[in-house]
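**Q** Sharing a structure, written as C-alpha cells. Questions coming.
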Amino acid sequence: MSVSESDIKFRKSTTVTDTSSNGGRKSQTLVVSGARHSLFPRVTKSERTDGVTRYRKEFFCNDNADDDIGYGVLLYLELPSNSGDRFYLGEGDQSDIQSSLATYDPTWMGAGQLETLLSGGESSISLTMENSDFRFENDGYIHITDKYKTSQTVDSDVNIGDSVTYSSGTWSKITAQTDIDYPDGIYIGSSTVMTIETGTNEEWLQIAKNYYPEEDIGNGDGADTSPALTTLSNNTNGICLQPGLLPMVTATIGAVTKTVNVASDGSCSGYCSAGTLNMTTGVWTTDITWTVAPDNGTDIKCTYCENAFAYSGNVATIALGEQVANAYATANSYGGGCIYSGEIKPRTDNWTETTSSGTYDESTYPLTLFNDGTEEDTFTFTFTNATAFTCSGTNAGSVGTGSVSADFSPTNADTGQPYFTLLSAGWGGTWASGETVQAQTHPATLPVWLKEVVPAGTAQESYNLCVVGYYVE
C-alpha cells in the first residue's frame, strides 16, 4: 500500500485571525480546494489602497487509513498570483503562531515564470519573480513544469480559479474538482488553463548546496584574542542564512578545537565575546574576539555555504545540484521553491517517567500512533493505585482511565480513531498512586505558513488565485 491523492487533506489551524495568535495546532476544518476565500479572506478596497500583509497557516495531512508513511513530500506554489498581490510559502511547526514569525523567519518561497528557455541539460534555472525577496533553499528542491496551455478559447462565464473541461475547441466551467488531467483543468486567467496532457513535463530538481568547508580565514599567534579575519571568498550571492547551514568558525586553543557559531544576522556566539559577519558581502565587520587567544601558528577556519540563488532585478537564477532533464518554453512554464519532508507520519518523543520503582519499556513497546487520530499534544498518565491510571492531554483534556493489565486506546472524538495505543506488555516494576508517565505526540502533518502581501495602491482585481501543489513518492 502507499499514500494516494485521496489520502491527502489540507486543514486549517485552530486559530484563523489577523492577530498575533493566528495559527497554532491543526484543526479538523478542511481547506476546500476551488472554494473562494477558503483560506484567505477577500482583499477589501481599503486594504488595496493602504496595503496589507496577511498570514494563514495550513497543514498538509496524511490521512492514509492503513497508516502508511508519506515519503519524499514536496509542497510548492504552482504559479504567481494573477493580481497585484503576491503569495509566499514557508515551513512552520506543529504549534507555532503568527507572533513566532517575528523571531523565527521561515525561508519564504514562491513561484515565477520561466525567464530563459530550457533545452535540457542545464545546471541552473532563471525565473521572473514578483519581487526580489523570494528565497530558494540551498540543498533544497525546485519545481518546474509546462502544464499550462496559453491562448485558449474560454467561455465567457468562466472565472479565474474555476474548474473547466475542453470540448469542441472551448473550455467550459464544471463543478470544482482537483483533477486537472486533460481534458479537465483549472482556468488561471489571461486565456491560460492549467492541465496535464500527453507531453507535459514536470520535474523536482535538487538545488546546489554551495558548501565550502574549513576555508582558511586567519591565523593565531598565541597572544591576540582578536586576530584579523579575511573576507569569505565565496560571497557573490551572499552567505546562506538557513538553519543548519549557517557559518561555523573554528580555532585551535590549548590544542583543543573551539567553535564560534554565526547567526543569520551575522552575530557570533560560542567561544567568544564579540564578532559580526556581513552576511551579504562575507566581510567581517567585527573580528571575532575569542575567549582565549588561538594557539600560535594555527589556522582559523570557516565552514559555510554561499546562497544558491542570485537576483538581477526580479529575475532569480538558481544553481542546481543536478541537470534539467526536459525542454521548457518560457510562455507556458513556471517554477518555484519547495518545502521538503522526508516522511509524513505521526511521531512521539519526550517520554518521561516519574516513579520510584515502576518501569515502562518504551523502546520495545512504543506508543502505537495513527495517521487519522494522533494529535499535537502532551499526554500524562497518572496512577491512582498500583495498577490503574487516568490519562489527560494538555489540549485534549481527560481521555479516560486504564490499567496496566490491558492495552489503552483512547478515542479521538473528532476522527473516531485512537489518539494512540499504549501496550500493556510494556509495564513493569511497582507503580504507586500519584506517579506519572508523560509523552508528547505529533500528528502526520506538514505545517506551512502562507503569506499574502498586497502593496499599497494595488488596483482592483475581480479574482486572484493561490495554488499550492504537492508531490508524494
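With positions in the sequence shown counted from 1, the corresponding number in our numbering is that position plus 1476. Even glycine gets a Cβ: it sits at the ideal position worked out from N, Cα and C.
So the alpha helix (DSSP H) THR1525 belongs to, where does it begin and stop?
**A** Here residue 1525 corresponds to residue number 49 of the sequence shown, with the count starting at 1. 1521-1526 is the span of the alpha helix (DSSP H), which, as asked, contains THR1525.
**Q** So ALA1684 and LEU1796 are supposed to be a Cβ contact under 8 Å. How far apart are they, rounded?
**A** Residue mapping note: residue 1684 aligns to position 208 of the sequence shown, counting from 1. Residue mapping note: residue 1796 aligns to position 320 of the sequence shown, counting from 1. Their Cβ separation, rounded to whole angstroms, is 6 Å, which keeps ALA1684 and LEU1796 in contact under 8 Å.
**Q** What residue from GLY1616, GLY1696, LYS1623 and TRP1584 has the CA that sits closest to MET1605's CA?
**A** Indexing the sequence shown from 1 puts residue 1605 at position 129. Nearest option by C-alpha distance: TRP1584.
**Q** Can the beta-carbon of TYR1947 be found less than 7 Å from the beta-carbon of LEU1550?
**A** Reading the sequence shown from its first residue, position 471 is the one you call residue 1947. Reading the sequence shown from its first residue, position 74 is the one you call residue 1550. Yes. Within cutoff.
**Q** Check GLU1481 in the structure and name its three-state DSSP category.
**A** In the sequence shown, the residue the question calls residue 1481 occupies position 5. Helix at GLU1481.
**Q** Identify whether GLY1902 lies in helix, strand or coil by the three-state DSSP scheme.
**A** Your numbering for residue 1902 matches position 426 in the sequence shown. Three-state result, GLY1902: helix.
**Q** On a CA-only basis, which of GLY1586, ASP1569 and GLU1523 is nearest LEU1553? Give me that one, please.
**A** Locating residue 1553 in the sequence shown gives position 77, counting from the first residue. The shortest C-alpha separation from LEU1553 is found at GLY1586.
**Q** If I measure Cβ to Cβ from VAL1738 and keep anything under 6 Å in the same chain, skipping five residues before and after, which residues do I get?
**A** Working through the sequence shown from its first residue, we reach residue 1738 at position 262. Excluding sequence neighbours, VAL1738 sits near LEU1722, PRO1723, CYS1744 and LEU1753.
**Q** With C-beta atoms as the reference, is SER2000 less than 7 Å away from ILE1672?
**A** Lying before the first or after the last residue shown, residue 2000 is absent from the chain, which here runs from 1477 to 1949.
**Q** Going residue by residue through the region 1555-1597, where are the continuous alpha helix (DSSP H) segments of at least 4 residues, counting only ones entirely within it?
**A** Runs of the alpha helix (DSSP H) inside the region 1555-1597: none found.
**Q** Three-state secondary structure (DSSP) at LEU1553?
**A** On the sequence shown, residue 1553 is found 77 positions in, with the first residue counted as 1. Three-state DSSP puts LEU1553 in a strand.
**Q** Flag this pair as touching only if the region 1904-1918 and the region 1813-1828 have three or more C-beta atom pairs under 8 Å; answer yes or no.
**A** Contact between the region 1904-1918 and the region 1813-1828 is present, because at least three Cβ pairs lie under 8 Å.
**Q** Answer yes or no: do TYR1939 and GLN1589 have a C-beta to C-beta separation smaller than 7 Å?
**A** Counting from 1 along the sequence shown, the entry for residue 1939 is found at position 463. Counting from 1 along the sequence shown, the entry for residue 1589 is found at position 113. Not a contact, by the Cβ cut-off of 7 Å.
**Q** Per DSSP, which residues does PRO1923 bridge with? Please list them.
**A** On the sequence shown, residue 1923 is found 447 positions in, with the first residue counted as 1. Answer is PHE1535.
**Q** Can you confirm whether the region 1773-1786 touches the region 1564-1578 when touching is taken to mean that 3 or more C-beta pairs between the two stretches lie within less than 8 Å?
**A** The region 1564-1578 is not in contact with the region 1773-1786.
**Q** I think VAL1930 touches ARG1524, with their Cβ atoms under 8 Å apart; what is that distance to the nearest whole Å?
**A** If you number the sequence shown from 1, residue 1930 lands on position 454. If you number the sequence shown from 1, residue 1524 lands on position 48. The pair is a contact, with the Cβ atoms about 6 Å apart (cut-off 8 Å).
**Q** Taking 7 Å as the cut-off, decide whether the C-beta atoms of THR1854 and SER1879 are in contact.
**A** Counting from 1 along the sequence shown, the entry for residue 1854 is found at position 378. Counting from 1 along the sequence shown, the entry for residue 1879 is found at position 403. For THR1854 and SER1879, no; Cβs fall outside 7 Å.
**Q** Is DSSP giving CYS1955 helix, strand or coil here?
**A** This structure gives no information on residue 1955, because the portion of the chain shown stretches from 1477 to 1949.
**Q** Exposed or buried, VAL1736, counting other C-beta atoms within 10 Å across all chains shown (16 or more means buried)?
**A** Residue numbering aside, residue 1736 sits at position 260 when the sequence shown is read from its first letter. Result: buried.
**Q** Relative to the C-alpha of LYS1488, which candidate in THR1495, LEU1515, ALA1784 and ASP1494 has its C-alpha closest?
**A** Looking up residue 1488 in the sequence shown gives position 12. Among THR1495, LEU1515, ALA1784 and ASP1494, the Cα nearest to that of LYS1488 is on LEU1515.
**Q** Nearest by alpha-carbon distance to SER1881: which of GLY1546, SER1900, ALA1801 and GLY1720 is it?
**A** Counting from 1 along the sequence shown, the entry for residue 1881 is found at position 405. Cα-wise, what sits closest to SER1881 is SER1900.
**Q** Using a Cβ-Cβ distance cut-off of 7 Å, determine whether CYS1867 contacts chain B.
**A** Absent from the structure: chain B. Only one protein chain is present.
**Q** Name the one or two DSSP bridge partners that GLY1829 has.
**A** In the sequence shown, the residue the question calls residue 1829 occupies position 353. Reading the sequence as shown, one finds Glu at residue 1829 and not Gly. Beta-bridge pairing links GLU1829 to VAL1913.
**Q** Can you find the residues in the same chain that come closer than 6 Å, C-beta to C-beta, to THR1529, ignoring five residues on each side of it along the sequence?
**A** The residue you call residue 1529 lines up with position 53 of the sequence shown. VAL1929, listed in sequence order.
**Q** Excluding the 5 residues preceding and the 5 following SER1909 in the sequence, name in chain order all residues of the same chain whose CB lies nearer than 7 Å to its CB.
**A** Here residue 1909 refers to the residue found at position 433 when the sequence shown is read from its first residue. Excluding residues within five positions, the ones whose Cβ falls inside 7 Å are PHE1859, THR1860 and ASN1861.
**Q** Bridge partners of HIS1513, per DSSP?
**A** Locating residue 1513 in the sequence shown gives position 37, counting from the first residue. None, per the DSSP bridge assignment.
**Q** In terms of residues, what are the limits of the beta strand (DSSP E) holding ALA1652?
**A** Mapped onto the sequence shown, residue 1652 falls at position 176. Looking at the DSSP string, ALA1652 is not in any beta strand (DSSP E), and its letter there is neither H nor E.
**Q** Starting from ASP1890, trace the beta strand (DSSP E) in both directions and tell me its first and last residue.
**A** Counted from its first residue, the sequence shown places residue 1890 at position 414. Run containing ASP1890: none; DSSP gives neither H nor E here.
**Q** Nearest-angstrom Cα distance between GLU1591 and ASP1655?
**A** In the sequence shown, counting from the first residue as 1, residue 1591 sits at position 115. In the sequence shown, counting from the first residue as 1, residue 1655 sits at position 179. One C-alpha to the other measures close to 28 Å.
**Q** Flag this pair as yes or no: are the beta carbons of VAL1800 and GLY1596 separated by less than 7 Å?
**A** Here residue 1800 is taken as the residue at index 324 of the sequence shown, counted from 1. Here residue 1596 is taken as the residue at index 120 of the sequence shown, counted from 1. Yes. Within cutoff.
**Q** So, is ASN1713 buried or exposed, given that buried needs 16 or more other C-beta atoms within 10 angstroms?
**A** The sequence position of residue 1713 within the sequence shown is 237, counting from 1. It is buried - the Cβ of ASN1713 has at least 16 other Cβ atoms within 10 Å.
**Q** When DSSP labels each residue in this structure, what does SER1489 get in the three-state scheme?
**A** Walking along the sequence shown from the start, residue 1489 turns up at place 13. It is a strand residue.
**Q** Does the region 1886-1896 come within contact of the region 1841-1853, defined as at least 3 CB pairs closer than 8 Å?
**A** The region 1886-1896, when compared against the region 1841-1853, does touch it at the 8 Å Cβ threshold.
**Q** Count the other CB atoms within 10 Å of the CB of VAL1768; is the residue buried (16 or more) or exposed (fewer)?
**A** Here residue 1768 refers to the residue found at position 292 of the sequence shown. With fewer than 16 other Cβ atoms within 10 Å, it is exposed.
**Q** Give the range of the beta strand (DSSP E) segment to which GLU1618 is assigned.
**A** In the sequence shown, the residue the question calls residue 1618 occupies position 142. According to the sequence displayed, residue 1618 carries Ile and not Glu. First-last of the beta strand (DSSP E) with ILE1618: 1617-1621.
**Q** In whole angstroms, what is the alpha-carbon distance linking THR1856 and ASP1837?
**A** Looking up residue 1856 in the sequence shown gives position 380. Looking up residue 1837 in the sequence shown gives position 361. If you take the alpha carbons of THR1856 and ASP1837, they lie about 16 Å apart.
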